[in-house]
Amino acid sequence: MAKGRYWLQTLGCPKNQVDSDKLAGLLETDGFVPSACPEKADLVVVNTCAFVEAARQESIEAVLELAGARRAGARLVVTGCMAERYGDELASALPEVDLVAGFGRPLAPVGSERMVPVGAPAPRAAPAAAPVPVELGAPRGRTSPPPARSAGLASFDLLSLPRPASAAPWAYVKVAEGCDRRCGFCAIPSFRGTQRSRPPADVLAEVRSLACAQAMPVNEVVLVAQDLASYGRDRTAHHGGARRAGSPTPLVSLVEAVAGMVRRTRLLYLYPSALTSELVEVVLATGVPYFDLSLQHVARPLLARMRRWGDGERFLERIAAIRRAEPRATFRSSFILGYPGETEEDHDELLSFLDAAQLDWAGFFTFSKETGTLAARLEGQVPGELALERLRECVELQDTITARRRDALVGEVREVLVDAPGRGRTVHEAPEIDGVVRLPASLPAGSIADVELTASLGIDLVGAPVGAGR
Ligand code: SF4
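Quick note on our numbering: the sequence shown kicks off at 0 and runs consecutively.
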């Protein structure tokens, strides 16, 4: 008999979605079943995001909303990055919450002795009527020097857990947790810790189970990590130092192996210096020529202030080289506007870069001053309104470029993977972050079909089948 019903709400990035999948697997192993809605659940779990202030606010609003929606007696648990970063403060700031729990230890259902709270369990109080801002101070971790691993930091508990079968024909697979870089704006290493890569055999076993699932076999695996290109470096160091000259990097070997098991292998979050010819070749060989480059800016002095590699010229050279090898290659990136010290010249350089690079997709964010990061202490903070103005300029320019890139696909024939009736994706669209291809509802979820792209509608395309679906 089921122990109860759970509702799991996920905020933030694809990496968080993977954690949620693992949590769901754990809860189901423990005898819980999914609830159709939060109002009917016995256990409500919110997997939060702490990336920037806006994400934190959204997480808190979700917690408060669910606190108000849950039925009497249901327990409310907050986990994820906010719990990792602000555990104790969150527990005292949100009396509605029964437990704030980090990923550093197993998150078991309420009432189980396996559950270990980060913050002290708070007494229940009447839920707040409306979302209220919660002031959070310094995080529990630190960014520099590299944080020591502790019981409070994320561990492999979640990464290595089994997960339920995917409800879609694609799935994120997280291959590592944490990050060894120290980008000036980023607080992630302070609460997710240094990089810990999963053994390749574990990753491949997970891919195999997803690909062989009876109900919905996964045809597309999206590999994610905080710093995907560095996958396995920690393991190489752990097992006797540098890899042998000429041998493939751990990521290259992993991508080759995964590509042998599923139709599509997609990589997200590639640090630009790691985009070696070897990695480009293996990505192109998968048949998914999609490059999600984490660039953040292009002005060299600003990138140096961010403690990041590269400049616009080098990025353009790399993109051009990939396009020479594969003219159909798709590029995505993200950029920060208003990083401390960003000048008008830096901003103009970014606009020129966008114009020259003709990226298919790009995300823009205004700088968020994160406690404990290098950037929070830097001089030359850019007023928020100016950062927003710069962001609007970039969005406006990129929107026209994206529209042009989408228009250019009209008339082409492409293979689509049908995510759900009426909606699918070619290799040019990553799930959940890019546009989609609108399809006839007769194509069943999970099927693969060749379609002619007949029109573009904003960021979406319209596809008409040209042969029998597979
Ligand atoms: S590589 Fe990504 S996760 Fe790592 S410090 Fe830089 S921005 Fe943060």
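Yeah, the Cβ is synthetic: ideal placement off N, Cα and C, and Gly gets one too.
Any non-hydrogen atom of ligand 1 closer than 7 Å to residue i Cβ
i, result
"I187", "yes"
"D226", "yes"
"Y338", "no"
"R331", "no"
"Y230", "no"
"R323", "no"
"C178", "yes"
"C182", "yes"
"Y289", "no"
"Y270", "yes"
Start and end residues, alpha helix (DSSP H) containing residue i
i, result
"S86", "Checking the sequence shown, residue 86 turns out to be Gly, not Ser. That run of the alpha helix (DSSP H) goes C80 to A92."
"F352", "E343 to A356"
"K21", "P13 to T28"
"F190", "I187 to R191"
"G67", "E52 to A68"
"P199", "P199 to A210"
"S252", "P249 to A258"
"R405", "G383 to D406"
"R376", "L373 to R376"
"L278", "S276 to T285"
Buried or exposed by the 16-neighbour rule on C-beta atoms within 10 Å, applied to residue i
i, result
"R195", "buried"
"W360", "buried"
"V409", "exposed"
"D406", "exposed"
"A386", "buried"
"S58", "buried"
"D354", "exposed"
"L106", "Here L106 scores only 37 on pLDDT, less than 50, and its place in the model is too uncertain to base an answer on."
"Q56", "exposed"
"K39", "exposed"
"M81", "buried"
"T264", "buried"
"M305", "buried"
"S276", "exposed"
"L456", "exposed"
"G136", "Residue confidence for G136 is low, a pLDDT of 42 falling below 50, so the modelled location carries little weight; the figure read from the coordinates is stated next. It is exposed - the Cβ of G136 has fewer than 16 other Cβ atoms within 10 Å."
"P443", "exposed"
"G101", "buried"
"P288", "buried"
"W308", "exposed"
"A186", "buried"
"V412", "exposed"
"S446", "buried"
"A319", "exposed"
"E395", "exposed"
"C211", "exposed"
"C36", "exposed"
"G362", "exposed"
"A170", "buried"
"A153", "Because the pLDDT of A153 is 38, which lies under 50, any placement of that residue in the model is unreliable, and the question is left without a value."
"S165", "buried"
"A374", "buried"
N- and C-terminal bounds of the beta strand (DSSP E) containing residue i
i, result
"N46", "L42 to T47"
"S293", "Y289 to Q295"
"V461", "D459 to P464"
"E219", "E219 to V223"
"R304", "Where R304 is concerned, there is no enclosing beta strand (DSSP E), although the alpha helix (DSSP H) it sits in stretches over R299 to R304."
"G311", "Element bounds for G311: not the beta strand (DSSP E) but the alpha helix (DSSP H), G311 to A324."
"T453", "I447 to L456"
"T9", "G3 to T9"
"D418", "V412 to A419"
"G423", "R422 to R424"
"L266", "R263 to L266"
"F366", "Premise fails: F366 is in no beta strand (DSSP E) and is neither H nor E."
"F334", "T329 to L336"
"K173", "W169 to K173"
Supposed close pair residue i, residue j - CB separation, criterion 8 Å
i, j, result
"V206", "V251", "So it is not a contact: roughly 16 Å between Cβ atoms."
"A356", "L315", "6 Å"
"D291", "S229", "That belief does not hold up - the Cβ atoms of D291 and S229 are roughly 15 Å apart, past 8 Å."
"R317", "L267", "The pair is not a contact, with the Cβ atoms about 17 Å apart (cut-off 8 Å)."
"V45", "L22", "Going by Cβ atoms, the distance from V45 to L22 rounds to 11 Å, so no, they are not a contact pair."
"L521", "V62", "This structure cannot speak to residue 521, because the chain is shown only from 0 to 469."
"L390", "T365", "5 Å"
"F184", "Y85", "Actually they do not touch by this definition, with Cβ atoms about 18 Å apart."
Contact test: residue i Cβ vs ligand 3 heavy atom, cutoff 7 Å
i, result
"R306", "In the structure shown, ligand 3 is absent; the only ligands present are ligand 1."
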